[in-house]
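Participant: Numbering of the sequence shown is given in the numbering used here, commencing with residue 1311 and proceeding in unit increments.
Here it is, the structure, as structure tokens.
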Amino acid sequence: MNFDEIIDRRGTHCVKWDMMETLYGVPADEGIAMWVADMDFRPPDCVQQALRGMLDHGVYGYFGDDRPYKAAIRWWMETRHGWTVEPDWIFTTHGLVNGTAMCVDTWTKPGDGVVLFTPVYHAFARVIRAAGREVVEFPMPVEDGRYVLDLEGWDARMTGRERMLILCSPHNPGGRVWTAEELRGVAEFAKRHDLILVSDEIHHDLVLPGHRHIPMTLAAPDITDRLVMMTATTKTFNIAGSHVGNVIIPDAGLRTAFGTRMLAMGISPNSFGMVMATAAYSPEGAAWVDRLVAYLEGNRRVFDDGVNGIPGVRSMPLEATYLGWVDFSGTGMAPEEFTRRVEREARIAANHGASFGTGGENFLRFNIATPRSRIEEAVTRLRAAFADLQ
Ligand SMILES: Cc1ncc(COP(=O)(O)O)c(C=O)c1O
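Okay, here's the thing in structure tokens:
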């Protein structure tokens, strides 16, 4: 696997490059796409071969027999995360935005509150609002340059209308890998306020050296009766277009409720996603992820060294994910101005911080999962765009 290879994704209907001009005004022929969270890399060969097998066979009928898929999940969670997953705990949704929507639909009703620790992955709020529920935002304080939780402070702000808490673990954006103590604190918070706790762990494999992700169910085994875990192969292996995700529910009562909603919505998986995911969760896939994470760590260093050299600009130290979260507040510029410089002068499309909720306003999120030469070029352009601050 050569992560340095530049693969031209333009004209392939990929949202990242083919929508950047429409959404950010940055033309793809001269711009650098550093926004939506997918990578500019091909997945491991085991995934490509599985797809080739489907293509050679050439008949694309309904998918059946998910036992190998579930066995692969079990193997992955056991070997990579020390977590034993039973096959009947696993529901397969059309990705985890769909999984989130299904959870909101199953355990809340219109008007109920859903708690988010912001800034956080923007689709959570989008789904909650579209379903007629209320987003209850608790902005995370920053301590020593990284996000922390203020659970005791937030206790006082609960109204009693909240029914669910969606945790992003590891966190997007900001890249925190929550400690066991923090996870137990969140579990206790959910218990105190009688909330269903949805733990979105889609970034759990993309943990940078020196940190260790702990699945919520291992950190807080005593809250199983209110816990929903969500994982996927899509972020780890860059197969997000396959739209397959896992909602994993150890509690039998919660499973019945969720399974009933799945049936009511007529949700069943697509064969391409199932075949790719099964192939990905393998020793070959695991070796690829180890190399990927080492490469991402190299990119992170180049990116951080570059942008942190601009006076007033600070990249949060990433513990996980490939999503650099950059604070421009030290420049004294309004978001319109630093965003204009990044888009119009550096010709880089990066996610606007405000879209992640309260607390994100002075940030931009830069996707660094791209060949290193592009990161180097991006850093050069950013330094030029803010050269007057030097
Ligand atoms: C925390 C989190 N959850 C879910 C998703 C998207 O999930 P899916 O593509 O499976 O719908 C993302 C994508 O960036 C994410 O960061």
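Don't be surprised by glycine CBs; every beta carbon is placed ideally from N, CA and C.
(1) Just list the beta strand (DSSP E) runs in the stretch 1501–1541, keeping only unbroken ones of 3 residues or longer that don't cross its boundaries, in chain order.
(2) Between which two residues does the alpha helix (DSSP H) containing Phe1351 stretch?
(3) According to DSSP, is Pro1449 helix, strand or coil?
(4) Does any residue of chain C bring its CB to less than 8 Å from the CB of Pro1645?
(5) Determine the DSSP secondary structure at Val1424, reduced to helix, strand or coil.
(6) For Arg1624, name the three-state secondary structure that DSSP assigns.
(7) In whole angstroms, what is the alpha-carbon distance linking Arg1611 and Leu1602?
(8) Residues in its own chain within less than 6 Å of Arg1384 by CB, not counting five upstream and five downstream?
(9) Quick check: the Cα distance between Val1496 and Thr1543, rounded to an integer number of angstroms?
(10) Along the alpha helix (DSSP H) that carries Ala1381, what are the first and last residues, could you check?
(11) Hey, how far is the Cα of Lys1545 from the Cα of Leu1475?
(12) To the nearest angstrom, how far is it from the Cα of Val1771 to the Cα of Asp1375?
(13) What do you get for Gly1667, buried or exposed, if any count of 16 or more other CB atoms within 10 angstroms of its CB means buried?
(14) Helix, strand or coil: which one does DSSP assign to Gly1555?
(15) Pull the bridge partners of His1662 from the DSSP assignment, please.
(16) Pull up the distance between the alpha-carbon of Ala1664 and that of Phe1676, whole angstroms please.
(17) Could you tell me whether the stretch 1513–1527 touches the stretch 1628–1636, using the rule of 3 or more Cβ pairs below 8 Å?
(18) With 16 other CB atoms within 10 Å as the buried threshold, where does Pro1754 fall?
(19) Can Gly1619 be considered in contact with ligand 1, in the sense that its beta carbon sits closer than 7 Å to one or more heavy atoms?
(20) Short check: CB of Val1636 to CB of Leu1361, under 8 Å?
(21) Can you look up Glu1629 in the DSSP assignment and give me helix, strand or coil?
(22) Among Arg1486, Lys1380 and Gly1670, which residue has its Cα nearest to the Cα of Glu1589?
(23) Let me check understanding here. Comparing Cα to Cα, which of Glu1607, Val1554, Phe1547 and Leu1573 lies closest to Ala1596?
(24) Tell whether a beta-carbon distance below 8 Å holds between Gly1608 and Gly1622.
(25) When burial is assigned at 16 or more other CB atoms within 10 Å of the CB, is Glu1453 buried or exposed?
(26) Could you check if Ile1512 belongs to the surroundings of ligand 1, using beta carbon to heavy atom distance under 7 Å?
(27) Quick one: is the Cβ of Cys1356 within less than 7 Å of any heavy atom of ligand 2?
(28) Let me confirm a value: Ala1435 is counted as buried when at least 16 other C-beta atoms fall within 10 Å, else exposed. Which label applies?
(29) At what residues does the beta strand (DSSP E) containing Arg1473 begin and finish?
Facilitator: Considering the structure as presented:
(1) 1506–1510 and 1537–1541
(2) Unbroken run through Phe1351: none, as it is neither H nor E.
(3) strand
(4) No chain C is present in this structure, which holds just one protein chain.
(5) strand
(6) strand
(7) 14 Å
(8) Val1395
(9) 25 Å
(10) Arg1377 to His1391
(11) 22 Å
(12) There is no way to answer for residue 1771, as the model of the chain reaches only from 1311 to 1700.
(13) buried
(14) strand
(15) Leu1674
(16) 14 Å
(17) yes
(18) Nothing about residue 1754 can be read from this structure; the chain reaches only from 1311 to 1700.
(19) no
(20) no
(21) coil
(22) Here the sequence assigns Ala to residue 1589, which means Glu is not the residue at that position. Minimum Cα distance to Ala1589 is reached at Lys1380.
(23) Phe1547
(24) no
(25) exposed
(26) yes
(27) In the structure shown, ligand 2 is absent; the only ligands present are ligand 1.
(28) buried
(29) Glu1472 to Cys1478
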